[in-house]
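**Q** Chains as they are written, first to last, in our numbering: chain U, 1 to 199; chain X, 1 to 199.
No residue lacks a Cβ here, since even glycine has one placed at the ideal position from N, Cα and C.
Got a structure for you, questions after.
2 protein chains.
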Amino acid sequence: MQEVSDTRSRIVTATTELFRRRGFNGTSLKEITTAANATTGSLYHFWPGGKDELTAEVLATSGAVYREFFEAMVNDTNNPGQAIADFFAGGSEILESTDFIDPCPIGGVAREVASTHDGLRQAAHAVFDGWIEAAGAFLQRCGLDADEARELGATLVATIEGGFVLARTTRDTAAFTASGRHMQLLIDAALADARTRVG
Amino acid sequence: MQEVSDTRSRIVTATTELFRRRGFNGTSLKEITTAANATTGSLYHFWPGGKDELTAEVLATSGAVYREFFEAMVNDTNNPGQAIADFFAGGSEILESTDFIDPCPIGGVAREVASTHDGLRQAAHAVFDGWIEAAGAFLQRCGLDADEARELGATLVATIEGGFVLARTTRDTAAFTASGRHMQLLIDAALADARTRVG
DNA sequence: GTCAAGCTAGAACGATCGTTCTAGACGACC
DNA sequence: GGTCGTCTAGAACGATCGTTCTAGCTTGAC
Chain U
1 MQEVSDTRSR IVTATTELFR RRGFNGTSLK EITTAANATT GSLYHFWPGG KDELTAEVLA
61 TSGAVYREFF EAMVNDTNNP GQAIADFFAG GSEILESTDF IDPCPIGGVA REVASTHDGL
121 RQAAHAVFDG WIEAAGAFLQ RCGLDADEAR ELGATLVATI EGGFVLARTT RDTAAFTASG
181 RHMQLLIDAA LADARTRVG
Chain X
1 MQEVSDTRSR IVTATTELFR RRGFNGTSLK EITTAANATT GSLYHFWPGG KDELTAEVLA
61 TSGAVYREFF EAMVNDTNNP GQAIADFFAG GSEILESTDF IDPCPIGGVA REVASTHDGL
121 RQAAHAVFDG WIEAAGAFLQ RCGLDADEAR ELGATLVATI EGGFVLARTT RDTAAFTASG
181 RHMQLLIDAA LADARTRVG
């Protein structure tokens with residue numbers, strides 16, 4: 001027997017993929033169990049709380065994966081603005097090579113359920129806080145003061161999320177890539193400003 | 001009899017409001033007709049194509065309202081960066097005073113259905129194109145060249161949409177307001193750069 | 001008064017929703 | 001070999017989904 005049940009992780013993976021295409025309310029448990037080659041019994045065995053409990057885990061898991069991906073891509077750079085632009089370029093490639101499926105399920109699901117499922121809203125809130133913290137910590141290490149780093153981190157996350165919406169809707173990554181360049185300008189300007197103030 | 005049926009416009013309004021809270025798949029026709037004080041027969045009389053046809057109209061209508069709102073708020077300013085920051089500040093006020101309901105139904109619905117309802121994706125695409133055109137035209141009038149104006153317009157739209165997601169999920173407008181300040185910096189820098197190049 | 005057009009009313013359809021439930025398969029341990 | 005906990009299998013539940021359909025109401029034209 002494996003440490004984490006195969007069926008369990010297949011269900012998480014299938015749910016993540018389906019949420020990326022159809023969102024929360026557009027995805028049925030039948031579609032999930034079929035895609036995961038599992039049964040209703042198994043799903044309710046692992047998540048007695050049903051769809052909501054499974055969704056909360058999917059959000060947390062995807063959130064952690066993205067945070068690690070961001071940190072791996074951005075740490076150990078000596079050109080922060082360029083690193084962010086590269087991150088956006090990577091997003092463009094993923095969008096194009098996956099037929100503009102939503103790159104991540106969190107923002108879409110969060111927007112759908114924020115007014116109706118407060119537990120899921122809070123789960124997504126925790127994920128976004130983690131991302132903003134990661135981006136802020138990175139920018140602070142690059143020389144920004146804590147407040148400015150965190151605010152710029154939040155704008156980064158917002159622009160990425162909104163860029164996903166735009167790219168997915170227009171089936172075009174031009175705007176997303178351009179946003180990466182704009183974020184690069186913003187970071188470079190903030191760093192230059194910080195250096196000036198330090199002297 | 002009025003030029004546009006009362007029932008018809010009540011249904012459009014109710015659908016818009018429900019989409020802002022529950023999204024496309026989370027809103028049923030029964031909820032719509034109940035909220036609009038209308039019947040299924042009326043709904044299918046005005047939109048024989050059913051939910052999809054009604055949704056397409058809701059997207060186009062909301063899109064036009066937002067475009068006009070943006071243009072009214074931003075035209076006749078002599079400080080473009082400040083006008084955009086004001087636009088974000090206005091968004092923050094709306095979010096707080098409406099219990100963080102989605103300020104507009106378009107981005108959320110588009111993200112939900114982009115992979116499953118191509119007609120609706122195209123309707124949302126047209127709306128976003130209109131917004132980017134409006135923002136780009138404004139920035140071009142302020143002195144940016146056409147390409148840079150359009151790209152910056154797209155980043156504005158992306159940051160607004162993503163900011164809505166963040167604010168709605170965290171129930172906090174601090175990040176949204178900060179993003180407005182960042183967009184102001186970006187615009188001021190682009191305008192200064194354009195002035196330098198012109199001489 | 002008759003007629004047609006525009007609109008309303010809501011019952012009924014088959015399909016599908018999330019969830020519950022019972023029955024049994026499998027493996028580890030005594 | 002019997003027993004218990006873990007997991008799988010899928011039928012069944014009531015509720016609700018989007019849509020269709022028939023019947024009737026209202027209004028203005030003739």
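Do Arg111 of chain X and Ser115 of chain U have their beta-carbon atoms positioned less than 8 Å apart in this structure?
**A** no
**Q** In whole angstroms, give me the CA-to-CA distance for Phe176 of chain X and Ile11 of chain X.
**A** 31 Å
**Q** Can a CB atom of chain U be found closer than 8 Å to the CB of Phe100 of chain X?
**A** yes
**Q** Whose C-alpha, out of X:Cys104, X:Asp145, X:Thr170 and X:Ser28, is nearest the C-alpha of Thr196 of chain X?
**A** X:Asp145
**Q** Identify each residue in the region 159-184 of chain X for which the Cβ-Cβ distance to at least one residue of chain U is less than 7 Å, and report them in chain order.
**A** So the list reads Thr159, Ile160, Glu161, Gly162, Gly163, Val165, Leu166, Arg168, Thr169, Thr170, Ala175, Ala178, Ser179 and His182, given in the order they occur along the chain.
**Q** In three-state DSSP terms, what is Ile11 of chain X?
**A** helix
**Q** For Phe19 of chain U, return the contacting residues in chain X, with the cut-off set at a CB-CB distance below 8 Å.
**A** Correct list: empty, because the minimum Cβ distance to chain X is about 10 Å.
**Q** State yes or no: is the beta carbon of His45 of chain X nearer than 8 Å to at least one beta carbon in chain U?
**A** no
**Q** Using a Cβ-Cβ cutoff of 8 Å, what residues of the region 138-156 of chain U are near chain X? List them in chain order.
**A** Glu151, Leu152, Ala154 and Thr155
**Q** Nearest-angstrom Cα distance between Ala135 of chain U and Ile106 of chain U?
**A** Spanning the alpha carbons of Ala135 of chain U and Ile106 of chain U requires a straight line of approximately 17 Å.
**Q** When you measure from the CB of Met183 of chain U to every non-hydrogen atom of the ligand NAD, does any distance come out below 7 Å?
**A** Here there are no bound small molecules, and the ligand NAD is not part of this structure.
**Q** For a minimum of 4 consecutive residues, which ranges assigned as the alpha helix (DSSP H) are wholly contained in the region 32-69 of chain U?
**A** 40-46
**Q** So what does DSSP say about Arg181 of chain X, is it helix, strand or coil?
**A** helix
**Q** Would you report the Cα separation of Trp131 of chain X and Pro48 of chain X, rounded to the nearest angstrom?
**A** 29 Å
**Q** Please return the same chain residues whose Cβ sits closer than 8 Å to the Cβ of Ala60 of chain X, not counting the five positions on each side in sequence.
**A** Ala123, Ala126 and Val127
**Q** Which residues bound the alpha helix (DSSP H) around Cys142 of chain X?
**A** Asp118 to Cys142
**Q** With a threshold of 8 Å between beta carbons, is Glu70 of chain U in contact with chain X?
**A** Sequence inspection shows Phe at residue 70 of chain U; the Glu mentioned does not correspond to that position. Closer than 8 Å: no.
**Q** Measure the C-alpha to C-alpha separation of Ala83 of chain X and Thr159 of chain X and round it to an integer number of angstroms.
**A** Rounded to the nearest angstrom, the two C-alpha atoms are 15 Å apart.
**Q** Please classify Gly90 of chain U: does DSSP put it in a helix, a strand, or coil?
**A** In this structure, Gly90 of chain U counts as helix in the three-state DSSP scheme.
**Q** Using a Cβ-Cβ cutoff of less than 8 Å, which residues in the same chain neighbour Leu191 of chain U once the five nearest sequence positions on both sides are dropped?
**A** Pro80, Gly81, Cys142, Gly143 and Leu144
**Q** Considering only the alpha carbon of each residue, which of U:Thr39, U:Arg121 and U:Ser92 lies closest to Gly167 of chain U?
**A** First, the residue type needs correcting, since residue 167 of chain U is Ala and not Gly in the sequence shown. Among U:Thr39, U:Arg121 and U:Ser92, the Cα nearest to that of Ala167 of chain U belongs to U:Ser92.
**Q** Relative to the C-alpha of Asp6 of chain U, which candidate in U:Glu31, U:Phe46, U:Leu18 and U:Gly153 has its C-alpha closest?
**A** Looking at the Cα atoms, U:Phe46 is the closest of the given residues.
**Q** Determine the extent of the alpha helix (DSSP H) in which Arg168 of chain U is found, giving its start and end residues.
**A** Ala146 to Thr170
**Q** Between the C-alpha atoms of Glu133 of chain X and Gly50 of chain U, what's the straight-line distance to the nearest angstrom?
**A** 44 Å
**Q** Mind listing the chain U neighbours of Phe88 of chain X? Cutoff is C-beta to C-beta under 9 Å, in chain order.
**A** None at all; the shortest Cβ gap to chain U is about 11 Å.
**Q** Should Phe88 of chain U and Gly26 of chain U be called a contact, given that it needs their Cβ atoms to be closer than 8 Å?
**A** no
**Q** Can you check whether the C-beta of Glu57 of chain U is within less than 8 Å of a C-beta belonging to chain X?
**A** no
**Q** Give me, in chain order, the residues of the same chain whose beta-carbon lies closer than 8 Å to that of Val157 of chain U; leave out the 5 immediate sequence neighbours on both sides.
**A** Phe128, Trp131, Ile132 and Ala135
**Q** Could you check whether the Cβ of Arg111 of chain X sits closer than 8 Å to any Cβ belonging to chain U?
**A** yes
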